[in-house]
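In UniProt numbering, the protein residues as written are 1 to 546.
Every residue, glycine too, gets a C-beta built ideally from N, C-alpha and C.
Working notes, beginning with the structure itself.
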């Protein structure tokens with residue numbers, strides 16, 4: 001047990017009056033009893049050591065203060081290390097004191113206090129990151145007891161590795177060798193840009209929007225533009241592609257990705273290499289990345305995934321904190337450029353091309369019937385377990401609705417879903433399976449109504465000013481396992497239905513709560529000028545002033 005460290009008294013004091021956990025963020029509100037015309041800073045100090053961690057997210061207004069401690073990134077984009085950490089405040093004259101807890105927070109005793117505020121982020125059966133806010137009865141000073149528990153390998157005679165494991169290790173070592181060889185042998189010139197994805201077979205999405213715009217501006221004459229793609233995250237790449245990617249990673253000055261690209265996390269990049277995350281989703285809707293610590297299939301608290309990004313983009317400034325939290329990077333690395341793939345929604349030439357592409361593949365959609373797009377997200381922990389509960393679709397009732405109301409339903413399930421959608425043959429005249437068509441954004445242009453659940457497609461569709469329905473039959477379960485950044489019921493731009501009967505009734509009555517769309521669009525888009533791709537190019541590649 002650590003003894004409380006004695007700190008000389010100061011001419012002022014700071015007291016916490018409210019404590020709240022929000023995902024990985026510990027939020028503290030309180031009052032400063034002292035001169036409000038001078039500046040103050042807060043930091044954590046490890047007990048009986050000189051090791052300190054500054055707290056950056058501070059708001060001071062008059063005597064009130066508000067602190068946000070992201071426990072996964074507070075220590076220079078890394079977790080708070082093990083130990084007892086005292087919360088300190090220091091004024092501009094160097095006068096230091098401990099931050100205290102108000103009486104209302106300590107009156108119920110230590111047991112009740114721990115029950116309310118202890119946090120345990122579990123990752124697997126034997127991996128835990130515990131953060132326990134605590135106080136000392138004699139002084140009421142506030143501290144954090146932090147402990148990271150991870151499995152320690154037993155000292156047994158090492159087992160012979162399986163052939164499969166040995167091949168896997170050899171392959172990883174080979175990739176790293178190719179990367180290091182390329183990095184050392186090919187001198188950087190500031191003009192090499194790599195576009196890479198582990199979930200698409202060819203150029204598209206945000207990567208495609210930026211690439212095409214660079215070509216349109218003639219920048220392909222000044223820059224070497226390379227690409228490396230893989231059809232899906234669980235599939236196998238061609239042998240040549242497996243060797244090409246680490247080579248390109250080693251020689252590139254700018255690496256642009258739009259999803260989780262595993263190989264990027266395993267390489268030792270030079271400090272001047274820019275790794276830019278053009279995340280495929282729009283806005284901040286359902287939690288992802290490190291925002292999900294402690295939930296099923298969340299990343300490990302000590303993991304390196306995502307943390308290596310030098311820049312990431314968002315649709316607007318108000319979602320910057322969410323992306324920084326999800327990627328476990330500093331907010332200064334997240335830039336509100338707008339989302340490149342949304343440029344096309346304001347481009348009539350592209351819109352016509354996209355519609356033509358869809359109609360070439362699905363000529364039956366060239367019709368005056370109402371087109372309803374059924375585009376939900378996946379369930380499950382990630383690429384290996386992604387699924388959609390097909391039993392929640394009543395094909396017979398939906399086909400009956402379509403035939404009575406001159407409508408067609410187009411199904412576009414998430415690309416990660418592994419259980420295949422099978423539309424019964426007797427309904428294929430009005431129910432169309434377009435899941436294998438890669439770009440859902442193309443289909444949005446021809447859809448009159450979008451039925452979804454927790455998909456970020458709602459951001460793009462809101463730009464078209466069309467109605468949406470939210471078929472959220474498992475909302476409570478989804479909140480418990482995945483959760484959202486905002487309250488789902490207040491956030492989504494349309495009517496929420498909980499079962500298939502409610503869904504059909506809303507369709508029959510054109511009951512969409514359409515008035516929510518404009519409010520949603522205005523809140524979530526910083527720019528509506530078709531210039532997001534240009535801002536990514538100008539600000540993050542050409543390094544022009546923002």
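For residue i, the nearest candidate out of the options (CA to CA)
i           : options            : result
residue 52  : 190, 43, 222, 58   : 43
residue 225 : 74, 469, 127, 191  : 191
residue 374 : 363, 137, 407      : 407
residue 11  : 19, 33, 5, 426     : 33
residue 404 : 370, 186, 422      : 370
residue 100 : 76, 65, 119, 130   : 65
residue 542 : 186, 103, 219, 146 : 219
residue 125 : 23, 513, 146, 150  : 150
residue 347 : 533, 298, 180, 116 : 533
residue 425 : 395, 419, 176      : 395
residue 315 : 527, 22, 92        : 527
residue 523 : 546, 497, 486      : 486
residue 392 : 365, 473, 40, 484  : 473
Exposed unless 16 or more other CB atoms sit within 10 angstroms - verdict on residue i
i           : result
residue 85  : buried
residue 1   : Note that residue 1 scores 45 on pLDDT, short of 50, meaning its location in the model is unreliable; the coordinates nonetheless yield the value given after this. Flag for residue 1 reads exposed.
residue 261 : buried
residue 88  : buried
residue 416 : buried
residue 379 : buried
residue 250 : buried
residue 174 : exposed
residue 114 : exposed
residue 453 : buried
residue 368 : exposed
residue 116 : exposed
residue 258 : buried
residue 455 : buried
residue 376 : buried
residue 185 : exposed
Proximal residues to residue i (C-beta, below 7 Å), its chain only, five neighbours per side dropped
i           : result
residue 585 : Since the first residue shown for the chain is 1 and the last is 546, residue 585 is missing from the structure and cannot be characterised.
residue 397 : 500, 504
residue 36  : 62, 63
residue 511 : 495
residue 265 : 304, 305, 308
residue 95  : 10, 11
residue 213 : 533, 534, 537
Residues near residue i in its chain [Cβ-Cβ closer than 6 Å; skip 5 each side]
i           : result
residue 193 : 223, 225, 254
residue 540 : 276, 311
residue 27  : 20, 68
residue 13  : 33
Sequence-distant residues of the same chain with beta carbon closer than 8 Å to residue i, five excluded per side
i           : result
residue 538 : 544
residue 17  : 29, 30, 31, 102, 104, 105
residue 82  : 146, 147, 148
residue 77  : 307, 328, 329, 330
Whole-angstrom C-beta distance between residue j and residue i, which should lie under 8 Å
i           : j           : result
residue 521 : residue 462 : 4 Å
residue 97  : residue 7   : 6 Å
residue 340 : residue 293 : Not confirmed; about 29 Å, so no contact.
residue 229 : residue 196 : 7 Å
Closer than 8 Å to chain B by CB, residue i
i          : result
residue 43 : Reference to chain B is not applicable here, since this structure consists of a single protein chain.
| beta strand (DSSP E) runs contained entirely in the segment 280 to 351, provided each spans 3 or more residues | 311 to 314, 334 to 336
| message | Quick check on the DSSP output: what are the complete beta strand (DSSP E) runs of length 3 or more inside the segment 371 to 430, in order along the chain? | response | 407 to 411
| Every unbroken beta strand (DSSP E) within the segment 27 to 111, with a cutoff of 3 residues, ordered by chain | 40 to 46, 52 to 54, 57 to 61, 64 to 70, 83 to 91, 96 to 98
| said: Extract the residue ranges of the alpha helix (DSSP H) inside the segment 434 to 505, only unbroken runs of 4 or more that lie entirely within it. | reply: 440 to 444, 457 to 462, 475 to 481, 488 to 491
| said: Ignoring anything shorter than 3 residues, give me the beta strand (DSSP E) runs that lie fully in the segment 511 to 535, in order along the chain. | reply: none
| What residue ranges within the segment 224 to 271 form continuous beta strand (DSSP E) runs of no fewer than 3 residues, ordered along the chain? | 224 to 229, 254 to 257
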